[in-house]
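Let me begin by presenting the structure, written as structure tokens, before commenting on it.
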Amino acid sequence: MTDPEAAVGAERFDGLPSPTGGVVALLLVALALGLLAGTPLQRRLLAGGTVGAVVTLLGGRLWRRGRPVAGVAATAGGCLLLALAVGGAASRPARVVDRLELLPGLVGLWTLAAALAPLRRGRSRLLVDAGAGLAGVAVLVCGVIEGASTPALVAAGTTTVLAWDAAGNAVSVGGQVGGRGATARAELVHVTASGAVGAVAVAAVLGVTRLGVERLPLAALVALLLAGVVLALVTDRGRRVG
100 MTDPEAAVGA
110 ERFDGLPSPT
120 GGVVALLLVA
130 LALGLLAGTP
140 LQRRLLAGGT
150 VGAVVTLLGG
160 RLWRRGRPVA
170 GVAATAGGCL
180 LLALAVGGAA
190 SRPARVVDRL
200 ELLPGLVGLW
210 TLAAALAPLR
220 RGRSRLLVDA
230 GAGLAGVAVL
240 VCGVIEGAST
250 PALVAAGTTT
260 VLAWDAAGNA
270 VSVGGQVGGR
280 GATARAELVH
290 VTASGAVGAV
300 AVAAVLGVTR
310 LGVERLPLAA
320 LVALLLAGVV
330 LALVTDRGRR
340 VG
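Numbering of the sequence shown is given in the numbering used here, commencing with residue 100 and proceeding in unit increments.
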């Protein structure tokens, strides 16, 4: 006979990404983009896109958990908000530079929401990488074209890596214990530990850029890239050990 507890556990295991890590990842991407948003219009579009991404994620969860009507309604509403934000970013800013700054980030936010909902099983890891990569493109555009300040650029880049790490951890945790597991505390501890490493990376990069040089955008970008790689390696090692 089948063990009742085992049967209940099997029923509860869905293999979906953890919702806690998913929401944290989306908010971190929004924070990274917000650090570089230079106009009120950009900030309004980002706020609308962030709400849409979170609603899309929650809608996907409802659909996967047997509530198709609520799930489809929430997903459709979230995607509509995201589409309006992306369309606004592509058309409303007067300067082309302002469009290029925000557009990849909003598309990346949408991609992350699709990965963590998830809207399609088996593609979460690939979509997480793509979404975080697009957010990283937005950060680089702000540094190369707009000439964002070094502190904002480094902080935004590090926050983007933290978002990628949180999203990847949500997928890993979900694959191990399912999206219904009580993993919120462990995931928040993971994010906090990664954030501490990120803070050290930011401090180190800012320290290097201030060693007798007031403004070196290219050097700042190289330092940002190195900090991101180091942070990614450290967090990935911690995930494997954990």
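Glycine included, every Cβ here is placed at the ideal spot set by N, Cα and C. Predicted, not measured: the structure shown is a model, and the values here were computed from it.
Quick check: residue i and residue j, are their CB atoms within less than 8 Å of each other?
i	j	result
L208	L125	yes
R240	L199	The question names Arg, but residue 240 is Val in the sequence shown. Result yes, Cβ atoms of V240 and L199 sit closer than 8 Å.
A255	V238	yes
L127	A136	no
A300	T257	yes
A231	L134	no
T249	L287	no
A172	L205	no
A188	L211	no
L115	G273	yes
T259	A229	no
D264	S293	yes
Quick one: using the 10 Å Cβ neighbour count with 16 as the cut-off for buried, is residue i buried or exposed?
i	result
P139	exposed
V195	exposed
Q275	exposed
L225	exposed
G246	exposed
P167	exposed
A269	buried
T282	buried
A262	buried
S117	buried
E110	In this prediction, E110 has a pLDDT of 46, which is less than 50 and means its spatial position is unreliable; nothing more can be read from the coordinates.
L190	Looking at the sequence itself, residue 190 is Ser, so the reference to Leu does not match. Flag for S190 reads exposed.
A295	exposed
A298	exposed
E104	Low confidence applies to E104: its pLDDT is 43, below 50, so where it sits in the model is not reliable, and the reading given next is rough at best. That one is exposed.
T291	exposed
G221	exposed
G120	buried
G186	exposed
Identify the continuous alpha helix (DSSP H) that holds residue i and give its terminal residues.
i	result
E60	Here the chain covers residues 100 to 341 and nothing more, so residue 60 does not appear.
T119	P118 to L135
L179	P167 to S190
L201	V195 to L215
T149	P139 to R163
Any beta-carbon of chain B closer than 8 Å to the one on residue i?
i	result
A175	Looking for chain B here will not work: only one protein chain is present.
For the region 158–172 against the region 211–231, do three or more pairs of beta-carbon atoms, one drawn from each stretch, fall closer than 8 Å, so that the two count as touching?
yes
Quick check: the region 176–192 against the region 137–153, are at least 3 beta-carbon pairs closer than 8 Å?
yes
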